[in-house]
Amino acid sequence: MPYETLADRTAVITGAASGMGAATARLLAAHGVRVALLARRAERLEELAAKIAADGGRALAVAADVTDQASVDAAADRVHAAFGPVDLVVNAAGVMLPNPVDAGRADEWQRMLDTNVSGALRVIRAFTADLLAVAAEGRTADLVNISSIGAHITFPSYAVYGATKAALTYLSASLRTELGPRDVRVTNIEPGLTESELAGHVDNAGLSDQLDGMFEALGGLSSDEIADLIAYTTSRARHVNLRQLVVLPTRQA
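Right under this line is the structure:
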């Protein structure tokens, strides 16, 4: 469906090298949004930026690591220099590393906390002033956090991943109380089974097979379908905040 109101907006999208982040960047750019692509894999970002440009869009590839505050700050400086203030932020960067807690994988725990929670906070810190300034001028300002159905539905061996996503869901709700009165919309999206690179990060063979079986039995959403939901949400009239969106494959629901 057309999203004409998105034209000439400026978005920052983390996790833009693949999956939901890349799909969101492509779709927003197709509707006239200037998109700043943030992720660690510079080559993938450059390829995506080139494709967007070839299709008539405007994109900036910015290699950045959301687990590093200096990297995020440097990325913000590049975005501001190229595009000016940002009015749409999509926190799509995330990592899913399931294992039983008694496996003691502190390395995985820290990586998920640094990316899924602290990483989102670093990006929010870098661009909140932009969102508030844009909103104060009477323009639309959006913060979109991509959480997970795992934020409130428990799965064995996904305790730490689910806890990080529950933190992001709670953060979104709390930020809404701070930013909503100043006309910045905060949307939290909780997808169910969705095709992405997250499954490829799983290093537990049994859990990897289980996840494959779930996709086979239940089907999965595509990254493009999540991107479409983000475009729909952020193209509504500025006084309308779709605050919490849970989206699942019909068989999983």
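Quick note: the sequence shown uses the working numbering, first residue 58, plus one each step. Using N, Cα and C, we set each Cβ at its ideal position, and we do this for glycine too. Predicted model only: the values in this text are computed from it and were never measured.
query, result
"Val-180 in three-state terms, based on DSSP", "helix"
"CB contact flag (Thr-244, Asn-202, <9 angstroms)", "yes"
"Three-state secondary structure assigned by DSSP to Thr-81", "helix"
"Thr-211 burial status per 10 Å Cβ neighbour count (16 or more: buried)", "exposed"
"contact_flag[the region 117-136, the region 173-183] where n(CB pairs < 8 angstroms) is 3 or more", "yes"
"Extent of the continuous alpha helix (DSSP H) run through Gln-267", "262-275"
"Cβ pair Pro-213, Pro-248 closer than 9 angstroms", "no"
"Closest residue to Tyr-60 among Ala-186, His-88, Phe-184, Pro-142 (Cα-Cα distance)", "His-88"
"Distance between beta carbons of Leu-286 and Leu-275, contact taken as under 8 angstroms", "Not quite, the Cβ-Cβ distance comes to about 19 angstroms (not below 8 angstroms), so this is no contact."
"Same chain, Cβ closer than 6 angstroms to Thr-67, five either side skipped, listed in chain order", "Arg-91, Phe-140, Val-143, Asp-144"
"Closest residue to Asn-298 among Thr-234, Ile-283, Ser-279, Glu-273 (Cα-Cα distance)", "Thr-234"
"Spatial distance of Gly-151 from Val-217 (CA atoms)", "13 angstroms"
"Beta-carbon separation (whole angstroms), Ala-116 vs Ala-86, contact threshold 8 angstroms", "6 angstroms"
"Beta-carbon proximity check, His-209 vs Thr-221, cutoff 9 angstroms", "no"
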